[in-house]
Every structure is written in structure tokens, then in C-alpha cells.
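Report on the following structure.
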Amino acid sequence: MTLTAEDISRLEQEGEIAADYLEALLDIADLDGDIDMDVEGGRASVSVIAAEDADPAAGDLNRLVGREGEVLEALQELTRLAVHRETGERSRLMLDIAGFRAKRRQDLARLAGEAVEQVKETGEPVKMKPMTPFERKVVHDTVAEAGLRSESEGEEPQRCVVVLPA
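Heads up, the sequence shown is in the numbering used here, so the first residue is 3 and it goes up one at a time.
Here you go:
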């Protein structure tokens with residue numbers, strides 16, 4: 003996907019709006035964190051990481067991740083709404099906190115790789131456990147890179163990926 007200078011500028015603006023929103027949220031929650039913005043995969047990407055000079059008495063960023071990323075998913079939607087309110091455009095912004103999504107992406111790529119190997123060995127489809135849209139996207143991308151096909155099936159929150167032979 004080739005982005006124009008205008009696309010990049012729009013995505014950087016989304017990142018800046020999101021960063022301002024998240025900075026205010028961190029202040030309210032009395033949490034120390036540094037915010038990193040980037041444009042990757044055709045979308046704005048914002049990460050909140052522990053500040054190098056964080057006060058040990060300050061709250062833990064993992065509280066903003068929650069169990070299995072549930073709080074992170076909610077914060078991402080709220081951040082997207084804040085961007086939409088400012089720009090009038092729907093945002094596909096991706097939010098990561100304390101490296102949760104980066105680690106989850108690695109874990110999912112490994113699981114998808116195992117499913118790919120199983121499909122190659124048996125020739126039979128493999129149905130994976132239910133996942134969030136972010137998780138399913140990582141699995142679909144990994145399966146496609148391995149030369150196989152995959153489909154999502156079911157209804158939220160039980161929607162899952164099925165890895166299929168080529």
C-alpha cells in the first residue's frame with residue numbers, strides 16, 4: 003500500500019490527536035508514560051510505554067491493558083472516537099500499551115505458524131479459538147505469508163479463524 007504525502011499527513015494528525023487524548027488520560031489516572039507515534043500498515047500507530055524517569059510510586063501501565071487486553075481494546079475505541087470527534091473521519095488507529103500488542107502479535111504469529119504446520123501435515127482445516135479483530139488480522143496475515151488460506155467464522159465475541167489448505 004503506497005501512501006501519499008497527504009495520507010501520511012492525515013495519519014500523523016490522527017496520531018497527534020490520539021497522543022493529546024492519551025496524555026490527558028494518563029494525567030487523570032496519575033500514570034507515567036511516554037507516547038510514541040508512527041504510521042505503519044496504512045494506519046496511525048500510537049504506543050504508550052513506561053517513562054524512563056517514571057516515579058516508582060506512580061501507577062502501573064498494565065492497569066490500562068487489563069485482562070487479556072480488554073481495557074486496551076476499550077481505550078483504543080475511545081481514542082478512535084476522540085480522533086473522529088476532531089477530524090470528522092473514521093480512524094483505524096492502533097493503540098499499544100506497555101508492549102502488550104507487540105508481544106501478543108509475536109505469540110499469535112507462533113500459534114498461527116503451528117496451525118499452518120498442522121494443516122500442511124494433515125490437509126485438514128484447523129479452527130482456532132475465538133479472537134479479537136486485531137488478533138484475527140495477525141493470524142490471517144501470518145497464514146497468507148505461509149501460502150495458505152484462512153477465513154473468519156462465527157459471531158462476535160466467538161468469532162474465530164479457520165486455517166485452510168491452499
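Beta carbons: idealized from backbone N, C-alpha and C, even for Gly.
In the DSSP assignment, the beta strand (DSSP E) including residue i goes from what residue to what residue?
i	result
A46	R45 to I51
R151	R151 to E155
E42	D36 to E42
D98	M96 to I99
In or out: residue i buried (at least 16 other Cβ within 10 Å) or exposed?
i	result
A59	Because A59 carries a pLDDT of 49, less than 50, the predicted location of this residue cannot be relied on, and no value is offered for it.
R103	buried
E25	exposed
A46	buried
R87	exposed
T81	buried
G71	buried
DSSP state of residue i, grouped into three classes?
i	result
A59	Because A59 carries a pLDDT of 49, less than 50, the predicted location of this residue cannot be relied on, and the following value inherits that uncertainty. Of the three classes helix, strand and coil, the one that applies to A59 here is coil, per DSSP.
S11	helix
E147	helix
R87	helix
E75	helix
K105	helix
V67	coil
L166	strand
L33	strand
K129	strand
R161	coil
R82	helix
L5	coil
Could you work out which residue in the options is closest to residue i when comparing CA atoms only?
i	options	result
E18	L33, V50 and T4	V50
K139	K122, E116, E123 and R106	R106
A20	S154, V85 and P159	V85
Q160	M133, T124, L27 and V67	M133
L97	L33, E8, A146 and I37	I37
K129	E137, R69 and C162	C162
D143	V165, P127, K131 and E123	V165
D29	Q15, E14, D62 and T4	D62
A2	R151, Q78, V145 and A168	Nothing can be reported for residue 2: it is not among the residues displayed for the chain, which extend from 3 to 168.
D40	L33, V48 and D34	V48
E8	L33, G44, R69 and D34	G44
G35	E119, E14, S11 and R65	R65
E155	G149, P127 and A148	P127
A168	E158, E157 and A148	A148
E158	K131, V141, L150 and S152	K131
L150	E123, E137, P135 and F136	E123
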